[in-house]
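Undergrad: Submitted below is the structure of interest, expressed as structure tokens.
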Amino acid sequence: MVGPPSSLPTDHGTFTLRAYTFNGVTHVAMTMGDPASSDAPLVRMHSECLTGDVLGSHRCDCGDQLEAALQAISSAGAGILLYLRGQEGRGIGLDNKLRAYALQDTEGLDTVEANRALGLPDDARDYRVAAEMLRHLGTQRIRLLSSNPAKSDALTEHGITVVQRLNLQLPDRPENSAYLQSKRQRMNHDVPNGHPELDHSLELDVYKTIATHDEVIAQLAQSEDGFIAARTGDAEFVSGELDRRHLHCMRAAVGAVLVGVGTVAADNPQLTVRAVEGENPVRVVLDPRARVPRDSTVLQSDDAPTLWLVGADVQINEQLADHVTVAQLPQSSADKIDPHAVIALIRKHVSGSILIEGGGQTVSEFLSAEALDRLFLTKAPVLIGDGVPGIRFEGSGQMSKALRYPFRRYIFGQDVCTEYMLSPAAREHSAQMPAQLRGVQNADVVAEAQPSA
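In our numbering, the protein residues as written are 88 to 540.
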């Protein structure tokens, strides 16, 4: 039996709601736009989870997946979310799920072992009803939002063509990491790699946040022992390809990218967007003494505008390329720059967010001055031993006074990137993410995460 359509306004936009009753159980289809007009709309088959969807449990990722799927469909402008009731605990029911939880708590069993100890199947779900709902909605070909290949196989068996399966790559929380790892190892769920094959509209949500707000963010990749380069200055490459792609995604989201003159002298960076689609940001070189090599890419290549920040007493007499603009910093010591004054000067020339990309000293100075909204700090599994230091600042002698901020953690291949939300503005701008951050204070640990890019 199919109920009449009704309107459902949500945080992710207005959906059309339909009830489908099969064998005494009522399921719900949430649609946006006209999925039937799409060759293969986005579809999420979401199994009912009272603890995760309603009570906000962190033992599973169900609530996070539900929110992210709705956001993905909203971003795409059309799609379907099937909310399948009667599938609590992979089909074993709420009471049995809680019994399985108790065994996990007291006996140390994983999610599969606990089900088996109760004489229950690993997964008792049947997706026939989902296929019938999709057919009623006029959709025979879909792109499935799921990390579980069994769902795709089941729909295929029931006559639905899954042209693509997209993994949302959402956060592993500290509380559910072991649970998710068990599903990956024992139930063939996707292992996150940081970069699922998603449409551009489904990329890591923080890129959109950075692009739509005027934030100051910093990024740094360093070794396990805290160095960004070998002692010779060789930094090619500390982190891997996926982390570098993440960096290019951030470049594409900001109006300006800033580096210190030391980074230009050591690396001669292009500071352009190459690994992803997007416009090049304005390149900003912080160079109080005008020491930047005159043959450097930022001064010679017109791939992107360059804003050259020099000291108040510095005069540039040579002819510069048309893409280079010189701006003088406020009067200060050549060795002591006020990061807030630098930001204010950049904003006179460039709109949008500002990315502080390097090097370690520059990022550390902006962090110490509390001039950053966010810090992305990537840790690569390599030990350098002696080299160019990464984050360094004058800390407290007491651990109770160490800096602690809300964070999200992303897995980029073998690298781990931690995003620290340093300012109230960053936390407010991120409040729509699956890990609810609104009102979180500095001492709170928020979430761990894997992104897409």
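Where a beta carbon is used, it is the ideal one built from N, C-alpha and C, also for glycine.
Ends of the alpha helix (DSSP H) at residue 549?
TA: Nothing about residue 549 can be reported from this structure: the residues present for the chain run from 88 to 540 only.
Undergrad: Return the chain-ordered list of same chain residues with a C-beta closer than 7 Å to the C-beta of residue 148, the five sequence neighbours on each side being excluded.
TA: Translated into the one-based positions of the sequence shown, residue 148 becomes position 61. Same-chain partners within the cutoff: 257, 263 and 267.
Undergrad: Can you tell which of 276, 293 and 272 has the C-alpha that lies nearest to the C-alpha of residue 252?
TA: Here residue 252 refers to the residue found at position 165 of the sequence shown. Considering only 276, 293 and 272, the residue with the shortest C-alpha distance to residue 252 is 276.
Undergrad: Between which two residues does the alpha helix (DSSP H) containing residue 188 stretch?
TA: Here residue 188 refers to the residue found at position 101 of the sequence shown. Note, residue 188: alpha helix (DSSP H), 181-194.
Undergrad: Since residue 174 contacts residue 134 with CB under 8 Å, what's their CB separation in whole angstroms?
TA: Residue numbering aside, residue 174 sits at position 87 when the sequence shown is read from its first letter. Residue numbering aside, residue 134 sits at position 47 when the sequence shown is read from its first letter. Their Cβ separation, rounded to whole angstroms, is 4 Å, which keeps residue 174 and residue 134 in contact under 8 Å.
Undergrad: Pick out the complete beta strand (DSSP E) segments inside the region 435-491, 3 residues or longer, and give them in chain order.
TA: 441-445, 461-467 and 474-476
Undergrad: So which of 501, 113, 115 and 208 has the shortest CA-CA distance to residue 327?
TA: Working through the sequence shown from its first residue, we reach residue 327 at position 240. Of 501, 113, 115 and 208, the residue nearest in Cα terms is 501.
Undergrad: Relative to the C-alpha of residue 184, which residue among 209, 166, 167 and 171 is closest?
TA: Within the sequence shown, numbered from 1, the residue matching residue 184 stands at position 97. Closest option to residue 184, Cα to Cα, is 209.
Undergrad: Determine the extent of the alpha helix (DSSP H) in which residue 354 is found, giving its start and end residues.
TA: Counted from its first residue, the sequence shown places residue 354 at position 267. Residue 354 -> alpha helix (DSSP H) spans 348-354.
Undergrad: Is residue 475 near residue 320, with beta carbons less than 8 Å apart?
TA: Your numbering for residue 475 matches position 388 in the sequence shown. Your numbering for residue 320 matches position 233 in the sequence shown. Yes, the pair counts as a contact, with Cβ atoms nearer than the cut-off.
Undergrad: Based on the DSSP secondary-structure assignment, which residues constitute the bridge partners of residue 494?
TA: Start at 1 with the first residue of the sequence shown, and residue 494 comes out as number 407. According to DSSP, residue 494 bridges with 507.
Undergrad: Give the straight-line distance between the Cα atoms of residue 368 and residue 249, rounded to the nearest whole angstrom.
TA: Residue mapping note: residue 368 aligns to position 281 of the sequence shown, counting from 1. Residue mapping note: residue 249 aligns to position 162 of the sequence shown, counting from 1. For residue 368 and residue 249, the distance between alpha carbons rounds to 38 Å.
Undergrad: Confirm, please, whether the CB-CB distance from residue 299 to residue 373 is below 8 Å.
TA: As a working mapping, residue 373 is identified with position 286 in the sequence shown. As a working mapping, residue 299 is identified with position 212 in the sequence shown. Cβ distance not < 8 Å, so residue 373 and residue 299 don't count as in contact.
Undergrad: Could you name the residues of the same chain whose beta carbon sits closer than 6 Å to that of residue 357, not counting the 5 residues immediately before and after it, in chain order?
TA: Along the sequence shown, one-based indexing puts residue 357 at 270. 384.
Undergrad: Quick one: give me the first and last residue of the alpha helix (DSSP H) that residue 198 is part of.
TA: The sequence position of residue 198 within the sequence shown is 111, counting from 1. That run of the alpha helix (DSSP H) goes 198-204.
Undergrad: For residue 436, which residues from the same chain have a beta carbon less than 6 Å from its beta carbon, with the 5 sequence-adjacent residues on both sides left out?
TA: Counted from its first residue, the sequence shown places residue 436 at position 349. Cβ within range, chain order: 394.
Undergrad: Give me the DSSP bridge partner(s) of residue 274.
TA: For the purposes of this step, residue 274 is taken as residue 187 along the sequence shown, with counting starting at 1. Paired residues: none, contrary to the question.
Undergrad: Could you tell me the distance, in whole angstroms, from the CA atom of residue 104 to the CA atom of residue 245?
TA: Start at 1 with the first residue of the sequence shown, and residue 104 comes out as number 17. Start at 1 with the first residue of the sequence shown, and residue 245 comes out as number 158. Put simply, the backbone Cα of residue 104 is about 23 Å away from that of residue 245.
Undergrad: Is it right to say residue 548 is buried, meaning 16 or more other beta carbons lie within 10 angstroms of its own, or is it exposed?
TA: This structure leaves residue 548 out entirely; the chain is present only between 88 and 540.
Undergrad: How long is the line joining the alpha carbons of residue 361 and residue 406, rounded to whole angstroms?
TA: Taking the first residue of the sequence shown as position 1, residue 361 is located at position 274. Taking the first residue of the sequence shown as position 1, residue 406 is located at position 319. Each residue's alpha carbon lies about 29 Å from the other.
Undergrad: Can you tell me whether DSSP reads residue 151 as helix, strand or coil?
TA: Residue numbering aside, residue 151 sits at position 64 when the sequence shown is read from its first letter. Correct three-state label for residue 151: helix.
Undergrad: Is residue 218 near the ligand ATP - that is, is its Cβ less than 7 Å away from at least one heavy atom of it?
TA: Absence of the ligand ATP is noted for the structure shown, with no ligands found whatsoever.
Undergrad: Start and end of the beta strand (DSSP E) containing residue 130?
TA: As a first step, residue 130 is located in the sequence shown; it is residue number 43 there, counting from the start. Taken as a continuous stretch (DSSP letters only), the beta strand (DSSP E) holding residue 130 covers 129-134.
Undergrad: Look at the Cβ atom of residue 345, then the Cβ atom of residue 375, and state whether they are nearer than 8 Å.
TA: Here the question's residue 345 lines up with position 258 in the sequence shown. Here the question's residue 375 lines up with position 288 in the sequence shown. No, Cβ-Cβ distance for residue 345 and residue 375 is not below 8 Å.
Undergrad: Within 10 Å of its beta-carbon, does residue 423 have 16 or more other beta-carbons around it, so buried, or fewer, so exposed?
TA: Taking the sequence shown and counting its residues from 1, the one referred to as residue 423 is at position 336. The Cβ neighbour count for residue 423, taken over all protein chains shown within 10 Å, is under 16; the residue is labelled exposed.
Undergrad: Could you pull the DSSP bridge partners for residue 49 from this structure?
TA: The chain is shown only over 88 to 540; residue 49 falls outside these bounds and no answer can be derived.
Undergrad: Whose C-beta lies closer than 7 Å to the C-beta of residue 121 among residues of the same chain, with five residues either side of it excluded?
TA: Numbered from its first residue, the sequence shown carries residue 121 at position 34. 165, listed in sequence order.
Undergrad: Determine the direct distance from the alpha carbon of residue 128 to that of residue 447, and round the result to whole angstroms.
TA: In the sequence shown, residue 447 corresponds to position 360, counting from 1. In the sequence shown, residue 128 corresponds to position 41, counting from 1. C-alpha separation (whole angstroms): 44 Å.
Undergrad: Is the Cβ-Cβ distance between residue 132 and residue 238 less than 8 Å?
TA: Mapped onto the sequence shown, residue 132 falls at position 45. Mapped onto the sequence shown, residue 238 falls at position 151. It is a contact, given that the beta carbons lie within the stated cut-off.
Undergrad: I need the boundaries of the alpha helix (DSSP H) containing residue 243, first residue and last residue.
TA: Numbered from 1 along the sequence shown, position 156 holds the residue referred to as residue 243. It spans 236-244 - the alpha helix (DSSP H) in which residue 243 sits, taken as one unbroken run.
Undergrad: For residue 430, name the three-state secondary structure that DSSP assigns.
TA: Here residue 430 refers to the residue found at position 343 when the sequence shown is read from its first residue. If DSSP states are grouped into helix, strand and coil, residue 430 belongs with the helices.
Undergrad: Keeping to the same chain, check which residues put their C-beta closer than 7 Å to that of residue 334; ignore five residues upstream and five downstream.
TA: For the purposes of this step, residue 334 is identified with residue 247 of the sequence shown, where counting begins at 1. Cβ neighbours of residue 334 beyond the five flanking positions: 306.
Undergrad: Going by C-alpha distance, which of 212, 432 and 302 is nearest residue 441?
TA: As a first step, residue 441 must be located in the sequence shown, where it is residue number 354. Per the C-alpha coordinates, the member of 212, 432 and 302 positioned closest to residue 441 is 302.
Undergrad: Is DSSP giving residue 369 helix, strand or coil here?
TA: For this step, residue 369 is matched to residue 282 along the sequence shown. Residue 369: strand per DSSP, three-state reduction.
Undergrad: Between the beta-carbon of residue 396 and the beta-carbon of residue 379, is there less than 8 Å?
TA: Residue numbering aside, residue 396 sits at position 309 when the sequence shown is read from its first letter. Residue numbering aside, residue 379 sits at position 292 when the sequence shown is read from its first letter. Not closer than 8 Å, so no.
Undergrad: Inspect the CB distances between the region 91-102 and the region 154-165 and report whether three or more fall short of 8 Å.
TA: Verdict: yes, contact present.
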